[in-house]
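*Asks:*
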DNA sequence: CTGTTAGCGCTTTCAA
DNA sequence: TTGAAAGCGCTAACAG
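Residue numbers (our numbering), protein chains in the order written: chain S, 2 to 345; chain H, 2 to 345.
1. Measuring only between beta-carbons, confirm whether residue 26 of chain H sits less than 8 angstroms from chain S.
2. Chain S beta carbons: is any one of them nearer than 8 angstroms to that of residue 164 of chain H?
3. Quick one: is residue 23 of chain H buried, meaning 16 or more other Cβ sit within 10 Å of its Cβ, or exposed?
4. Classify residue 321 of chain S as buried or exposed, calling it buried when 16 or more other Cβ atoms lie within 10 Å of its own Cβ.
5. Please classify residue 183 of chain H as buried or exposed, where buried requires at least 16 neighbouring CB atoms within 10 angstroms.
6. Counting C-beta neighbours from all protein chains within 10 Å, is the total for residue 64 of chain H 16 or more, i.e. buried, or is it exposed?
7. Can residue 167 of chain H and residue 36 of chain H be called in contact, C-beta distance under 8 angstroms?
8. Can you list the residues of chain S that residue 119 of chain H reaches, using a CB-CB cut of under 7 angstroms?
9. Evaluate the contact criterion for the stretch 100–119 of chain S versus the stretch 132–147 of chain S: three or more CB pairs, one atom per stretch, below 8 angstroms.
10. Mind listing, in chain order, the continuous beta strand (DSSP E) runs of no fewer than 3 residues lying wholly within the stretch 234–287 of chain H?
11. When Cβ atoms are compared, which residues of the stretch 153–177 of chain S fall closer than 9 angstroms to chain H?
12. Among residues of its own chain, excluding the 5 on either side of residue 174 of chain H, which ones have a beta-carbon nearer than 6 angstroms to its beta-carbon?
13. Give me, in chain order, the residues of the same chain whose beta-carbon lies closer than 8 angstroms to that of residue 71 of chain H; leave out the 5 immediate sequence neighbours on both sides.
14. Beta carbons nearer than 7 angstroms to chain S: which residues of the stretch 286–306 of chain H have them?
15. Within 10 angstroms of the Cβ of residue 3 of chain S, are there 16 or more other Cβ atoms? Answer buried if so, exposed if not.
16. Judging by CA-CA distance, which residue of S/149, S/304 and S/259 is the nearest neighbour of residue 288 of chain H?
17. Whose CA, out of H/59, H/264, H/229 and H/223, lies closest to the CA of residue 198 of chain H?
18. Mind listing which residues of the stretch 220–240 of chain S have their C-beta closer than 9 angstroms to chain H's C-betas, in chain order?
19. First and last residue of the beta strand (DSSP E) that includes residue 164 of chain S?
20. Around the Cβ of residue 178 of chain S, are there at least 16 other Cβ atoms within 10 angstroms (buried) or fewer (exposed)?
21. Nearest-angstrom Cα distance between residue 329 of chain S and residue 162 of chain S?
22. Straight-line CA distance for residue 51 of chain H to residue 121 of chain S?
23. So is residue 89 of chain S in contact with chain H if we call contact Cβ pairs under 8 angstroms?
24. Among S/294, S/344 and S/310, which has the Cα closest to the Cα of residue 90 of chain S?
25. Inspect the beta-carbon positions of residue 299 of chain S and residue 261 of chain S and report whether they are closer than 8 angstroms.
26. Run through the stretch 205–238 of chain S for me and flag every whole beta strand (DSSP E) of 3 or more residues, listed as ranges in chain order.
27. List in chain order: all unbroken alpha helix (DSSP H) runs of 4+ residues lying wholly within the stretch 33–115 of chain H.
28. Any C-beta of chain H within less than 8 angstroms: which residues of the stretch 95–111 of chain S qualify?
29. Assuming contact is defined by CB atoms lying nearer than 8 angstroms, are residue 43 of chain S and residue 18 of chain S in contact in what I supplied?
30. Please name the residues in the stretch 54–67 of chain H whose beta-carbon is closer than 7 angstroms to at least one beta-carbon of chain S, in chain order.
31. What residues from chain H crowd round residue 266 of chain S, counting only those whose CB sits closer than 7 angstroms?
32. So, is the C-beta of residue 270 of chain H closer than 8 angstroms to a C-beta in chain S?
33. Below 6 angstroms CB to CB, which residues in the same chain sit around residue 151 of chain S once its five sequence neighbours on both sides are set aside?
34. Since residue 263 of chain H meets chain S, which of its residues come closer than 9 angstroms, beta carbon to beta carbon?
35. For residue 33 of chain H, is the classification buried or exposed, using 16 other Cβ atoms within 10 angstroms of its Cβ as the cut-off for buried?
Structure (structure tokens):
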């Protein structure tokens, strides 16, 4: 019977070589103050003994874990995953790893996650607030403690005190709706997400602004704010919505690609032709829209890049002087209307 | 100018209360050997002083980090994300967090990730090997060091020495192809992934087995093994494949949902009707197939459950005696053919 | 160029 | 029921 082996540590190498622990440590760090021949000896012995540094001990002693904590509202939204991929890319280039937690769309979970990160396991935190997040004391308290924080997506005015990366949701949706209007659409439907979420509020605002500017009537029965936080139920909501409509729209602007796809699916099944009868626009551009037949016109949001920028801001904070009152940085990324087959 | 504040530690509480650090530590642990009144005092003071335990120090001292390391080949494959979600679910219930790393389909990255985990930052590792992974010494060496490891998906015989969770890929694809055959299909096309990957080999095997059993001819020009590891290029490959085909198939069995969707997209654009002209089957069942018009018949793989099981096996190992030679556990999950509109 | 030593913040014997 | 002190493995200031 074999048991877990005791790990080789600096001390073991030091003893074998009859030198001090400090020298071994320095040698492994390639510290130039160590004689080259000593370095070589140390490296060889370390290798031979199967030495692996203990990251935890290093972290305790250095005060750095080289881990970035990431809190997203959900896993099953490709946007968040794509942002994580961007974070991971940038982080890895700078020797950081990412610890991902889902807040599961719950404020309580968000707070829990945050406070578990606060226990020192991460050097900094990237967070995308949930729709339930109405107070920001938990975030501000973290910042006040000197822990670097960067936010993205769904940022309310109240937290603008933290570095963050966003797109201009209202302008983006304005331009999409304006495009529909200029194509001569008169009955433009809006499908958004849960009303409590800032991004959806802004996208709705952009819709209303465009409609107002061009004097297009807004019909309440053509407006849907989906409330489900769950992929399966989104489908049901949209299905019910279209089943109930008496006079169909001639265009639908939706606030996520998934809503756009579900809209197309339901409209196609009801016998409408896209885009001949009804145009559809989505929001996000995460690949699925390109595959669907017809392919989905949408507002492209640079998700991967958003992740990279977020990570960059955070790592910048690591390297800045610890000034708690530092000027907060905001990055606004550009969106773009990508024309495909679902619009005329 | 405010600087990062020094964190409150046990010592601070101890001093304020004129008791020892040890007592504070025990009190916060709710150790019954501490007088209740002392416990209360400690809790109150800790709260008032804004005490937050230092997880790193705890880990160093206890030898546990309560973090699970997860290595997946890529982020942009919903299957892996869904597995991660399952892992996260189970892990969180048991007070673990997950550190996700992507090996980016590269053996070198896989090895790097593994060895960085080996530095003691995680209590155990969950890994899905890449297609490039042909030698398993890196995994075995980790296991030999007593670090718990569980594998999932794409497991070759050579690593069966580790706990793992899989589905029976060959049987699953056999049953799908058999279904097509029983529907009277004679020219059944196969679209798989990169040949080096065990799961794709097995799915191909299932296809061949079924064709052989029912004496259906296999046409080389109806077979495609996609080589791209990148969503964008997958589309191109499949497009080229169908453009080149002279006599079309009457059914296509594909090895991922994405291949299935891309197949439908390309066939529809070429003017074929699905399922009237050609039936299509996918593999995975991750939600997208349900939205497409027509919806995609596919083999449903229980991804979320796979994640839960993998996490369960790992956490079981944490609680088992450290016997390196323990009987390895293998869990085989059931798949199911889900009939939708893309097959007759 | 190398060694000594004092931490990093917490847990855990061992004593009292 | 509490305290003193050793130790987890590594870093870094200081001394030589």
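Glycine included, each C-beta is placed from N, C-alpha and C at the ideal position.
*Replies:* In short, the structure shows the following:
1. To locate residue 26 of chain H, count along the second chain from 1; it is residue 25. It does not: the Cβ of residue 26 of chain H has no partner Cβ on chain S nearer than 8 angstroms.
2. Numbered from its first residue, the second chain carries residue 164 of chain H at position 163. By this cut-off, residue 164 of chain H is not an interface position.
3. Along the second chain, read from residue 1 onward, the residue named residue 23 of chain H stands at position 22. Classification for residue 23 of chain H: exposed.
4. One-based indexing of the first chain puts residue 321 of chain S at position 320. Exposed: under 16 other Cβ atoms inside 10 Å.
5. On the second chain, position 182 is the one that residue 183 of chain H refers to. Residue 183 of chain H is exposed by the Cβ-count criterion.
6. Working through the second chain from its first residue, we reach residue 64 of chain H at position 63. So residue 64 of chain H counts as exposed.
7. As a working note, residue 167 of chain H is residue 166 in the second chain. As a working note, residue 36 of chain H is residue 35 in the second chain. No, these two residues do not count as a Cβ contact at 8 angstroms.
8. What you label residue 119 of chain H is simply residue 118 of the second chain in a count that begins at 1. Within chain S, the residues near residue 119 of chain H are 53.
9. yes
10. 252–255 and 280–285
11. none
12. For this step, residue 174 of chain H is matched to residue 173 along the second chain. Closer than 6 angstroms at the Cβ level, and outside the excluded window around residue 174 of chain H, lie 204, 207 and 208.
13. In the second chain, counting from the first residue as 1, residue 71 of chain H sits at position 70. For residue 71 of chain H, where only same-chain residues beyond five positions count, the Cβ hits under 8 angstroms are 85, 88, 99, 100, 101, 102, 126, 127 and 128.
14. 288, 289, 292, 293 and 294
15. The count along the first chain starts at 1 and reaches residue 3 of chain S at position 2. Low per-residue confidence applies at residue 3 of chain S: pLDDT is 36, beneath 50, and the placement is therefore not dependable, though the value from the model is reported in the following sentence. So residue 3 of chain S ends up on the exposed side.
16. Within the second chain, numbered from 1, the residue matching residue 288 of chain H stands at position 287. Measuring from the Cα of residue 288 of chain H, the nearest candidate turns out to be S/259.
17. Position 197 of the second chain, counting from 1, holds the residue named residue 198 of chain H. Of the candidates H/59, H/264, H/229 and H/223, the one whose C-alpha sits nearest the C-alpha of residue 198 of chain H is H/229.
18. If the cut-off is 9 angstroms between Cβ atoms, the stretch 220–240 of chain S has 232, 233 and 236 near chain H.
19. Locating residue 164 of chain S in the first chain gives position 163, counting from the first residue. DSSP places residue 164 of chain S inside the beta strand (DSSP E), whose first and last residues are 164–168.
20. Position 177 of the first chain, counting from 1, holds the residue named residue 178 of chain S. So residue 178 of chain S ends up on the buried side.
21. Residue mapping note: residue 329 of chain S aligns to position 328 of the first chain, counting from 1. Residue mapping note: residue 162 of chain S aligns to position 161 of the first chain, counting from 1. Whole-angstrom Cα-Cα distance: 6 angstroms.
22. As a first step, residue 51 of chain H is located in the second chain; it is residue number 50 there, counting from the start. As a first step, residue 121 of chain S is located in the first chain; it is residue number 120 there, counting from the start. About 14 angstroms.
23. For the purposes of this step, residue 89 of chain S is taken as residue 88 along the first chain, with counting starting at 1. Chain H, which has a Cβ nearer than 8 angstroms to the Cβ of residue 89 of chain S, makes this yes.
24. Here residue 90 of chain S corresponds to residue number 89 of the first chain, with the count starting at 1. It is S/310 whose Cα lies nearest to the Cα of residue 90 of chain S.
25. Here residue 299 of chain S corresponds to residue number 298 of the first chain, with the count starting at 1. Here residue 261 of chain S corresponds to residue number 260 of the first chain, with the count starting at 1. In contact: residue 299 of chain S and residue 261 of chain S (Cβ atoms closer than 8 angstroms).
26. Inside the stretch 205–238 of chain S, DSSP marks whole beta strand (DSSP E) runs of 3 or more residues at positions 224–226, from first to last along the chain.
27. 37–50, 56–63 and 79–94
28. 98, 99, 100, 101, 102 and 103
29. Position 42 of the first chain, counted from the first residue, corresponds to residue 43 of chain S. Position 17 of the first chain, counted from the first residue, corresponds to residue 18 of chain S. Yes, they are a contact pair.
30. 54, 55, 56, 57, 58, 60, 61 and 66
31. Along the first chain, read from residue 1 onward, the residue named residue 266 of chain S stands at position 265. The answer, in chain order, is 292 and 294.
32. Translated into the one-based positions of the second chain, residue 270 of chain H becomes position 269. For residue 270 of chain H, the answer is yes, since a Cβ of chain S falls inside 8 angstroms of its Cβ.
33. Counted from its first residue, the first chain places residue 151 of chain S at position 150. The residues are 127, 164, 311, 314 and 315.
34. For the purposes of this step, residue 263 of chain H is taken as residue 262 along the second chain, with counting starting at 1. Result: 292.
35. Here residue 33 of chain H refers to the residue found at position 32 of the second chain. Exposed, since its Cβ has fewer than 16 Cβ neighbours within 10 Å.
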